Amino acid sequence: MRLFPFFSAQTLRNVSWSGLAAVANPLAQLAVTPFLLHSLGAEVFGVWILLSAMLAIVGTADLGLSPATTLFVSRYRATDSRFDIRRVAQAALTLVLLLVCVIVFFLATFAADLLAFFGVTEDQTKLLSGGFPFLALAGGLLFLNVIPASLLRGYERYDLEGALNTLTSLATAAAVCATVYLGGRIPEMLVAQASVFAVSLSAGLLLSASLIGSRAWLLPYCSFASFRELCSVSVYGWIQGVSSALFSQADRLIVSAILGPASLAFYGAAVQVAQAFHSLMARSLGFLFPRFTALQNNKLAKLQLFNRAMFATTLVGSTLAVSLFLASPWLLNVWLGQQIPADLPTTLSLLAIINGFMATTLVPGALMFGAGQFRLAAIFALLSGLIVSSTALLLVPVYGLLGAALAKFTFLPVSTASRVFIYHHAFGSWSWSLGVRQLLPAATALAPSGVAAWLLSNSSLHIQPAWVWQLFAGFCGLALMWIQCRRQYGSL
8 MRLFPFFSAQ
18 TLRNVSWSGL
28 AAVANPLAQL
38 AVTPFLLHSL
48 GAEVFGVWIL
58 LSAMLAIVGT
68 ADLGLSPATT
78 LFVSRYRATD
88 SRFDIRRVAQ
98 AALTLVLLLV
108 CVIVFFLATF
118 AADLLAFFGV
128 TEDQTKLLSG
138 GFPFLALAGG
148 LLFLNVIPAS
158 LLRGYERYDL
168 EGALNTLTSL
178 ATAAAVCATV
188 YLGGRIPEML
198 VAQASVFAVS
208 LSAGLLLSAS
218 LIGSRAWLLP
228 YCSFASFREL
238 CSVSVYGWIQ
248 GVSSALFSQA
258 DRLIVSAILG
268 PASLAFYGAA
278 VQVAQAFHSL
288 MARSLGFLFP
298 RFTALQNNKL
308 AKLQLFNRAM
318 FATTLVGSTL
328 AVSLFLASPW
338 LLNVWLGQQI
348 PADLPTTLSL
358 LAIINGFMAT
368 TLVPGALMFG
378 AGQFRLAAIF
388 ALLSGLIVSS
398 TALLLVPVYG
408 LLGAALAKFT
418 FLPVSTASRV
428 FIYHHAFGSW
438 SWSLGVRQLL
448 PAATALAPSG
458 VAAWLLSNSS
468 LHIQPAWVWQ
478 LFAGFCGLAL
488 MWIQCRRQYG
498 SL
């Protein structure tokens, strides 16, 4: 069985646009970061990163309605029940509108208090006060976008969703940069961002109405039966979303609260670089979830797919992690200039290692969802998010940016344990060493580069040229990783 089975033209479009959408926003942010950082200054840019993190967390407040809507729309499409599709879409829109009212009120009322809590000075907060209504508006519009996105996914039109997300990311980056170029600051940037979100929402709703074949569902209404149906499966999706936000955004909020927005500006830039490749891999491997579901009763085929997918993701993830680890100092100097914190290259190197290990979680995660273990996924995701956030609170005051990066390593024990349970539910057997064995190839790939970096940083050693030895160590690590994967997973 091949890792990548025959794709129809529509499936190829779905995979291609999903992958493009996964990297569009990170790459757009990477492109505009030097301009915004130098135009706004580190402190103001840090406030912008903080506001972006707050809006990202707002996206988790849908209480799991987005995946629940996709699930039921897809299910009713299979039975060609158009009435039920319209009913679910209408109910989901109504519930999301109610949540939007709460979110807009909360952001408009407490934005100043939140910024003060996360280290923004009083003078800076006063300058931003005119933009708080537009921050609330942007949050509400961003939140409403979950409805067209979930409906498009329910119709398996990931190509339309990906195209819309890609255009929105590029348009937002362009609008924000144009605003700053014309002399605007954060309040005007929020206006530009909200305008793009409004256009994106309108386009998404029109596309969704076209697929459904009616606009009647745009009139808010939700019966008790529809409410109960959506809520029956949404809670685990909500927990998963909150957990993802804790893992990806909580460290930024903690850095801002303890070290200030100026430090967040540089830390947020490093995180953007490290997460760009991981986002691409995660979205591109989305096809594994339905594939594992289809193979639920064929353990042999499912095990073959699992082994080959683990081999591929470990190989790609480790290669990207080693490359970023070796290139961190050069990349930051070229990208952001010479005036960066002294510990930022080491911070990015640690984040690169983390993403190398995180790449090995993608296939087990898809396997867990394919086995229908949504509750198990939610529990382990929540544990991981809470542990990482708690550790960051302890380490950031002591080690600064390095502490925020080091805190992310604490997801490894939870991830290691979760793999044992995933394997048991998928294949019916216990293997207590499985979690460690899945991490060993990535560790093998990264270890020589780490040892070489430590030796080269030792002032008593004069090894020249340093970059040659670093490349040699990276190549050796990847070669050893390949051998280990061949023994553990078989041929690719």
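Last residue of the sequence shown: 499 (my numbering), numbering continuous.
Using N, Cα and C, we set each Cβ at its ideal position, and we do this for glycine too.
In this text, all values refer to a predicted model and were calculated from it rather than measured experimentally.
Quick one: Cα of residue i to Cα of residue j, how far?
i	j	result
Leu357	Ile261	18 Å
Tyr496	Phe318	6 Å
Leu478	Pro404	34 Å
Val278	Ile110	26 Å
Ser397	Leu389	12 Å
Asn32	Thr173	7 Å
Met365	Ala289	10 Å
Pro12	Ser239	A caution first: Pro12 carries a pLDDT of 49, below 50, which makes its placement in the model unreliable, though a value can still be read off. Roughly 33 Å between the two C-alpha positions.
Ala201	Ser440	49 Å
Cys483	Leu167	42 Å
Leu292	Leu134	44 Å
Gly407	Pro268	13 Å
Trp476	Leu462	10 Å
Phe428	Asn304	18 Å
Leu369	Leu487	22 Å
Ser59	Asn340	24 Å
Ser498	Gln346	46 Å
Ile360	Leu197	34 Å
Asp258	Ala459	28 Å
Arg426	Arg382	15 Å
Thr76	Gly344	45 Å
Phe125	Arg235	37 Å
Leu338	Arg82	46 Å
Ser46	Cys108	34 Å
Arg298	Met375	12 Å
Met8	Leu295	With a pLDDT of 45 at Met8, under the threshold of 50, the modelled position of this residue cannot be trusted; read the value that follows with caution. Going from the Cα of Met8 to the Cα of Leu295 covers about 14 Å.
Gly191	Pro455	47 Å
Ala378	Pro371	10 Å
Gly457	Ala272	26 Å
Thr354	Ser464	15 Å
Gln256	Leu121	15 Å
Leu151	Ala98	13 Å
Ser221	Leu144	27 Å
Arg493	Gly442	17 Å
Where does residue i land, buried or exposed, given buried means 16+ other C-beta within 10 angstroms?
i	result
Lys415	buried
Val30	buried
Asp130	exposed
Gly169	buried
Gln36	buried
Gly410	buried
Ser230	exposed
Phe117	exposed
Leu189	exposed
Gly2	Nothing can be reported for residue 2: it is not among the residues displayed for the chain, which extend from 8 to 499.
Phe112	exposed
Tyr274	buried
Gly147	buried
Pro227	exposed
According to DSSP, is residue i helix, strand or coil?
i	result
Gly344	coil
Val127	coil
Gly220	coil
Glu163	coil
Asn172	helix
Cys483	helix
Met8	Low per-residue confidence applies at Met8: pLDDT is 45, beneath 50, and the placement is therefore not dependable enough to give any value.
Leu47	helix
Thr86	coil
Gln279	helix
Phe13	Model confidence at Phe13 stands at a pLDDT of 41, short of 50, so the residue's coordinates are unreliable and nothing is read from them.
Ala366	helix
Gly407	coil
Ser498	coil
Ala328	helix
Arg382	helix
Assuming residue i contacts residue j under a Cβ cut-off of 8 Å, what Cβ separation, rounded to an integer in Å, is found between them?
i	j	result
Arg93	Ala216	In fact, because the Cβ distance is near 10 Å, the residues do not count as touching under 8 Å.
Pro352	Pro336	4 Å
Gly363	Ala449	5 Å
Leu214	Leu159	7 Å
Leu453	Ala328	6 Å
Leu171	Ala210	6 Å
Val39	Cys184	5 Å
Val80	Ser233	About 12 Å; that fails the 8 Å criterion.
Ser325	Leu485	6 Å
With respect to 8 Å, is the separation between the Cβ of residue i and the closest non-hydrogen atom of the ligand NAP below this value?
i	result
Tyr162	This structure does not include the ligand NAP; it has no bound ligands of any sort.
Are the stretch 416-428 and the stretch 265-281 touching by the rule of at least three beta carbon pairs closer than 8 Å?
These segments do not touch.
Would you say the stretch 69-79 touches the stretch 88-103, given that touching needs at least three Cβ pairs under 8 Å?
-> Yes, the stretch 69-79 is in contact with the stretch 88-103.
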